[in-house]
Amino acid sequence: MDTTSLTSPNKPQELHPVTEPGGPKTIMSSLDKVQTKTEEGEIVDHGADTQLHRSLGTRHLTMVALGSAIGMGMWLGSGTSLLKGGPASLFIGYLISSSILWSVSQCIGEMAVVYPLPSAFVQWTTIFISPAAGFALGWGYWFSYWITIANELQFVVTILNYWTDEVPKAAWITIFWVVIILVNIWVVKFFAEVEVVASTIKFSWMLIAIVALIVITAGGVPEQQGPIGFQYWNEQPFINGFKGFITVLPTCVFAMAGSENAALVATEVANPRRSVPKAVTSIWLRLGLFYILGSLMITLTIDPKDPNLFGGFGSNASPFVIAFKNAGIPAMAHITNAVIFISVISTGSISGYGGSRMLMGLAHVNMNFKIYGEADKMGRPWAGYITTIGIGGALAYINVSNT
Numbered sequence: 001m002d003t004t005s006l007t008s009p010n011k012p013q014e015l016h017p018v019t020e021p022g023g024p025k026t027i028m029s030s031l032d033k034v035q036t037k038t039e040e041g042e043i044v045d046h047g048a049d050t051q052l053h054r055s056l057g058t059r060h061l062t063m064v065a066l067g068s069a070i071g072m073g074m075w076l077g078s079g080t081s082l083l084k085g086g087p088a089s090l091f092i093g094y095l096i097s098s099s100i101l102w103s104v105s106q107c108i109g110e111m112a113v114v115y116p117l118p119s120a121f122v123q124w125t126t127i128f129i130s131p132a133a134g135f136a137l138g139w140g141y142w143f144s145y146w147i148t149i150a151n152e153l154q155f156v157v158t159i160l161n162y163w164t165d166e167v168p169k170a171a172w173i174t175i176f177w178v179v180i181i182l183v184n185i186w187v188v189k190f191f192a193e194v195e196v197v198a199s200t201i202k203f204s205w206m207l208i209a210i211v212a213l214i215v216i217t218a219g220g221v222p223e224q225q226g227p228i229g230f231q232y233w234n235e236q237p238f239i240n241g242f243k244g245f246i247t248v249l250p251t252c253v254f255a256m257a258g259s260e261n262a263a264l265v266a267t268e269v270a271n272p273r274r275s276v277p278k279a280v281t282s283i284w285l286r287l288g289l290f291y292i293l294g295s296l297m298i299t300l301t302i303d304p305k306d307p308n309l310f311g312g313f314g315s316n317a318s319p320f321v322i323a324f325k326n327a328g329i330p331a332m333a334h335i336t337n338a339v340i341f342i343s344v345i346s347t348g349s350i351s352g353y354g355g356s357r358m359l360m361g362l363a364h365v366n367m368n369f370k371i372y373g374e375a376d377k378m379g380r381p382w383a384g385y386i387t388t389i390g391i392g393g394a395l396a397y398i399n400v401s402n403t
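Mapping to UniProt numbering: the sequence shown position 243 is 243, numbers consecutive.
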C-alpha cells in the first residue's frame, strides 16, 4: 500500500519524536501510515497537512456529540414508529439502537484519539480495510450530507407552516440556505459556538419536555381524567407484531445518525487525546436521557391510535406536540415546534461542515480532486463548502414545485 496516501502530496512524511515519561522515542502506526507527536498526552501533529486550524476545545466537541443527533428522527420520526409498531416496539427499538450506538461511539472515540484525520472513518477504512471500501464509504457519506441539507431546507418550510403558510416556499428556502452558508463560512470556532448554543437549547428543552410528559402521564394536568400510566401498553404493546417491530427498528437507528460527526470535529480540536474521551463518555447521557427515557415517556403519553398520528403533517405529527396539545398546553407545543426548527437548521449546518471535511479527507487519499484538500489561511475548505452546500441548497428548490 502507498505509505504516503494520508499525507499532503507536497509534504514528505517525517518521523516525529515523542516525549513520554520513560524517555523520548519515536512512535509510528503499525501500518506506517500516520505518525503522531505527543507531549504528556497531547497530539501535536498527526502526519497529514490538512491546513485546518486546531482551535476547538472539549466543550465544543462534547456539545456537538450530544446535540448532533437530536433532530427530526426523535422529534417527528418517533411518532411514525409509535403508529406502525406500538409502544413496546418503539421502546425496544431505541434500546437496541442505543446499545449499537454506544459500541460504535466507543470505537470511534479510540480511533479519533490515535488518528484524528479529515473524514475520520473514511481514512480509517482505507487504512485498515481497503482503499475500495474507503472510497465507497467516503463518497456515500458525502452524498448523504448534501441530501440532508436539501431535506432539512424542505423541512424548514413544513415546520414554519405550523405558524403561517403565507410566505412562499422559495423565500423560506433561500433565507435559511443563506443562514447555513453564513454559519459555515466564518472561522470554524464560530460554527462550533453556534452548535454549542443550538445543542444547549435542544438539550434543555428535551429535559423540560420529559418532565412535562411525566406530569401528564401522572395525571397532573386539568384536561385529563386521572393518570394514564401504562394504559396504552396494556391495550396493544405491539402493533403488526414482529413485522411492526422490524419496521420501527430502522427508524430508531436513523434517529441516532449524526453521532459520528464528533470524529470529524476531532480533527480541529486542540487536544484530541483529552477531548475525545470526554466527548465519547458523554454519549451515555444522550442515550439514557433523550432516547430511552424520552421514547418511554412518548409511549406512556400518546395513544398509538391518536388521529393526529394518522392525519398530522409536519410538526403536527410530532408526538411531543400532540402530547402538549392534548394536555391543553398549547404554549409548550409552540416552543417544541421552535426547538424542532432549531434542530433542523443545526442539522443542515453540521451537514455542510461534515461534507466539506469529507471531500477534504478523500482528496488526501487521492480519491478526489486536489483542490478539495486545500484550505485558506483561516482553515476553511472553500471548495468543499461550495460544492456540498451549493448542491444541497439548489436541490431543495425541488420542493417549490409542490405549490
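Beta carbons: idealized from backbone N, C-alpha and C, even for Gly.
Note that the coordinates shown come from a computational prediction; the quantities given were computed from them, not determined experimentally.
### Task
Indicate whether the contact test is met: 3 or more Cβ pairs, each with one atom in the stretch 116 to 126 and one in the stretch 362 to 369, closer than 8 angstroms.
yes
#### Entry: Contacting residues, own chain, Cβ-Cβ under 7 angstroms from A323 (five flanking each side not counted)
L213, I216, T301 and I302
### Message
With three or more beta-carbon pairs closer than 8 angstroms as the criterion, would you say the stretch 169 to 177 touches the stretch 247 to 259?
### Response
no
### Beta-carbon contacts of S199 that lie in its chain and below 6 angstroms, excluding the five residues immediately before and after
M63, L66 and G67
### Query
So F245 is in the alpha helix (DSSP H); what residue range does that whole segment cover?
G241 to A255
#### Entry: CB contact flag (F254, A88, <8 angstroms)
no
### Query
So, helix, strand or coil for L293, using DSSP?
helix
### Message
Using a Cβ-Cβ cutoff of less than 7 angstroms, which residues in the same chain neighbour V196 once the five nearest sequence positions on both sides are dropped?
### Response
R59, H60 and M63
### Message
For a test of the three-state rule: what should DSSP assign to L83, helix, strand or coil?
### Response
helix
#### Entry: CB of I159 within 8 angstroms of CB of V344, strictly
yes
### Query
Since F245 and G85 are thought to touch, with beta carbons under 8 angstroms apart, how far apart are those beta carbons, to the nearest angstrom?
5 angstroms
### Task
Determine the contact status of Q123 and E374, defining contact as a CB-CB distance below 8 angstroms.
no
### Query
Which residues bound the alpha helix (DSSP H) around A136?
P131 to L160
### Integer Cβ distance of I335 from W205, believed to fall under 8 angstroms
7 angstroms
### Task
With DSSP as the reference, label L66 as helix, strand or coil.
helix
#### Entry: Candidates S55, T126, F91 and G57: closest to T251 by CA position
F91
### Where the alpha helix (DSSP H) through S349 begins and ends
P330 to H364
### Task
Please state whether DSSP places I27 in a helix, a strand or coil.
Confidence in I27 is poor, its pLDDT being 27 and thus under 50, which makes the residue's placement too unreliable to answer from.
### Query
Identify the residues that DSSP records as bridge partners of V188: which are they?
Per DSSP, none; premise fails for V188.
### Message
Do S55 and E268 count as a contact pair if the criterion is CB distance below 8 angstroms?
### Response
yes
### Task
Inspect the beta-carbon positions of I201 and V339 and report whether they are closer than 8 angstroms.
yes
### Task
Pick out whichever of S318, V104, W142 and E166 has its Cα sitting closest to the Cα of G71.
S318
### Task
Report yes if the C-beta distance between I350 and I181 is below 8 angstroms; otherwise report no.
no
### Message
Let me make sure I understand the geometry here. Which of M360, I127 and G328 has the alpha-carbon closest to that of K370?
### Response
M360
### Task
Grab me the residues of L83's own chain with a C-beta within less than 8 angstroms of its C-beta, minus the 5 sequence neighbours each way, in chain order.
I239, P304, L309 and F310
### Task
State yes or no: is the C-beta of W146 within less than 8 angstroms of the C-beta of G355?
yes
### Query
Could you give the distance in angstroms between the alpha-carbon of E235 and the alpha-carbon of G229?
12 angstroms
### Query
Between the Cα of I283 and the Cα atoms of Y232, W75, L101 and G73, which residue gives the shortest distance?
L101
#### Entry: Pick from F155, A263, I149 and K169 that is closest to G77, judged by C-alpha positions
F155
### Query
Can you check whether the CB of S98 is closer than 8 angstroms to the CB of L289?
no
### Task
Put L101 into one of helix, strand or coil per three-state DSSP.
helix
### Query
Is P168 buried or exposed, if buried means 16 or more other CB atoms sit within 10 Å of its CB?
exposed
### Query
Under 8 angstroms, do Y162 and S315 count as touching if we go by C-beta distance?
yes
### Task
Let me know the secondary structure DSSP gives V113 once reduced to three states.
helix
#### Entry: Backbone secondary structure at V167 - three-state DSSP
coil
### Query
CA-CA distance, A132 and T125?
9 angstroms
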